[in-house]
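Numbering (the numbering used here), first residue to last: 15 to 464.
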């Protein structure tokens, strides 16, 4: 290689010796890689002193990055992400404020019914903590215990009782006779749930208005002495149960029985289909049907108070009422619903035509006894009370057809009371012409029953 060329290369290799620190601080050390070779025997290897000196100087001074590089290494969030964070925070703030305002308004509203813990720490004068909307109470007549005590002769005129209630007969100052139902409750056992049930029942009964439903006249709710009572119109002719099982069959004619059967069906139709919401009698039996002087049936729901107190007593059979019998309907929970009322109506129809009890310890259920005759049309005559006269075979066929459908073991197959009442109304002729067609002796019966 020519000498001039070598000198030129040597001059270039001497560049690190120039004292220009600014230049080398911004240059990469790798720019000089290859000047200090790993091969000690290479003719191109620089002197060990020079390589060692350069390496030491670099280590002492360190490597400084330019300020512009530091600026570019800082993490900066995108603009869209910043905008998204701000919008999310604003929405969250609006949601919290809206929720706070809504909660504040809800607390300020007066509820129609309020339930809180029962407290009797001071006195009964604190009153019950379950309240009904005052607008509801204004439309209902409230009677004092004092005036009911006078009407019922110091509550001595008892006409019926159960473990839950006592029924009194009374006469108000303005003349009408009333039935007063007094709950057998004590202050210490009366909870807010009991009070809620009682007041809801008062409202429920007060809305009913039908010829075949006992008319609700008012209620009594006092704390000293503790009293919870309901007042109904009095049906002076007793219960259907009493007429069928204690009275003389001859005096309770076929015509009257048919009239009562249709009246009960019409009352149940009103409760089940015309009332909104529908109303079901808690325990429909012949003892929950009262009869007026003209033998118009009146349905009552006195047994609903069993639900208020305890189902345990009912399961044990603790009854004072002779008309309370175990139910043959396996689908019901003792406290009847609409379909349970339909089944019970079928049982009442069987009582009406046969005069038999719905249940007898020796003979079992009336329904079980009647089924074998209901399934054979030519045998239905054996269902009739032998003491009855002037039985119309057409009426009997209609009654038996309805009974068969009412007591169907499958509740879903039982017809509505709308259908049942219609079948009885169209199938049984209560007109004078229809009655006189059967017998000339029906003149007297017609005069007595109409």
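Glycine included, every Cβ here is placed at the ideal spot set by N, Cα and C.
*Between the Cα of residue 246 and those of 409, 229, 266 and 440, spot the shortest distance and give me the residue it belongs to.*
229
_Tell me the rounded alpha-carbon separation between residue 200 and residue 413._
45 Å
*Could you work out which residue in 274, 254, 420 and 300 is closest to residue 354 when comparing CA atoms only?*
For the residues 274, 254, 420 and 300, the minimum Cα distance to residue 354 belongs to 420.
*Under 8 Å, do residue 294 and residue 285 count as touching if we go by C-beta distance?*
yes
*Could you tell me the boundaries of the alpha helix (DSSP H) in which residue 431 lies?*
That run of the alpha helix (DSSP H) goes 431-441.
*Got a sec, what are the start and stop residues for the beta strand (DSSP E) residue 241 sits in?*
240-247
_Cβ pair count under 8 Å reaching 3, the stretch 158-177 against the stretch 231-240_ = yes
*Would the beta-carbon of residue 352 fall within 8 Å of that of residue 305?*
no
*Cβ-Cβ separation, residue 365 to residue 415 (assumed contact under 8 Å), whole Å*: Wrong, their Cβ atoms sit about 17 Å apart, outside the cutoff.
*Are residue 322 and residue 203 close, meaning C-beta to C-beta below 8 Å?*
no
*Do three or more CB pairs link the stretch 180-196 to the stretch 106-115 at distances below 8 Å?*
no
*asked:* Measuring CB atoms only, is the stretch 404-412 touching the stretch 430-441, in the sense that at least three cross pairs come out at less than 8 Å?
replied: Between the stretch 404-412 and the stretch 430-441 there are three or more C-beta pairs closer than 8 Å, enough to call the two in contact.
_Suppose contacts are defined by Cβ-Cβ distances below 8 Å. Is residue 371 in contact with residue 259 by that definition?_
yes
*Mapping DSSP to helix, strand and coil, what is residue 420?*
helix
*asked:* Please list the terminal residues of the continuous alpha helix (DSSP H) segment that includes residue 270.
replied: It spans 268-283 - the alpha helix (DSSP H) in which residue 270 sits, taken as one unbroken run.
_Unbroken beta strand (DSSP E) run spanning residue 183, endpoints_ = 179-185 is the span of the beta strand (DSSP E), which, as asked, contains residue 183.
*Does the Cβ-Cβ distance between residue 248 and residue 175 come in under 8 Å?*
no
*State the Cα-Cα distance for the pair residue 189 and residue 164, rounded to the nearest angstrom.*
13 Å
*What is the DSSP secondary structure of residue 297, reduced to helix, strand or coil?*
coil
*Would DSSP call residue 221 helix, strand or coil?*
coil
_Spatial neighbours of residue 173 within its chain, please: C-beta separation below 6 Å, excluding the five flanking residues on both sides._
181 and 183
_Is the beta carbon of residue 225 closer than 8 Å to that of residue 310?_
yes
_Which residue wins for smallest C-alpha separation from residue 227, given the options 169, 315 and 178?_
315
*Across which residues does DSSP place residue 373 in a beta bridge pair?*
379
_Assuming residue 200 is part of the beta strand (DSSP E), what are its boundary residues?_
Here residue 200 belongs to no beta strand (DSSP E), and DSSP marks it neither H nor E.
*Same chain, Cβ closer than 6 Å to residue 318, five either side skipped, listed in chain order*: 296
*Near residue 251, which residues of its chain fall below 6 Å by C-beta distance, leaving aside the five closest residues on each side in sequence?*
For residue 251, the CB contacts under 6 Å within the same chain, skipping 5 residues up- and downstream, are 305, 306 and 307 in chain order.
*Rounded straight-line distance, which links the Cα of residue 106 to that of residue 92*: When rounded, the distance between both Cα atoms is 22 Å.
*residue 424 to residue 381, Cα distance in whole Å?*
15 Å
*When you compare only the Cα positions, how much space is there between residue 422 and residue 168?*
47 Å
*If you count every other CB in all the chains shown that lies within 10 Å of the CB of residue 98, and 16 or more means buried, which is it?*
exposed
*Starting from residue 313, follow the beta strand (DSSP E) in both directions and report where the run begins and ends.*
311-313
*Say the cut is 7 Å; is the CB of residue 427 nearer than that to a heavy atom of the ligand SAM?*
Because no ligand of any kind appears in the structure shown, any question about the ligand SAM cannot be addressed here.
_Opening and closing residue of the alpha helix (DSSP H) in which residue 368 lies_ = 352-368
*Minimum C-alpha distance to residue 171 - residue among 196, 435 and 152*: 196
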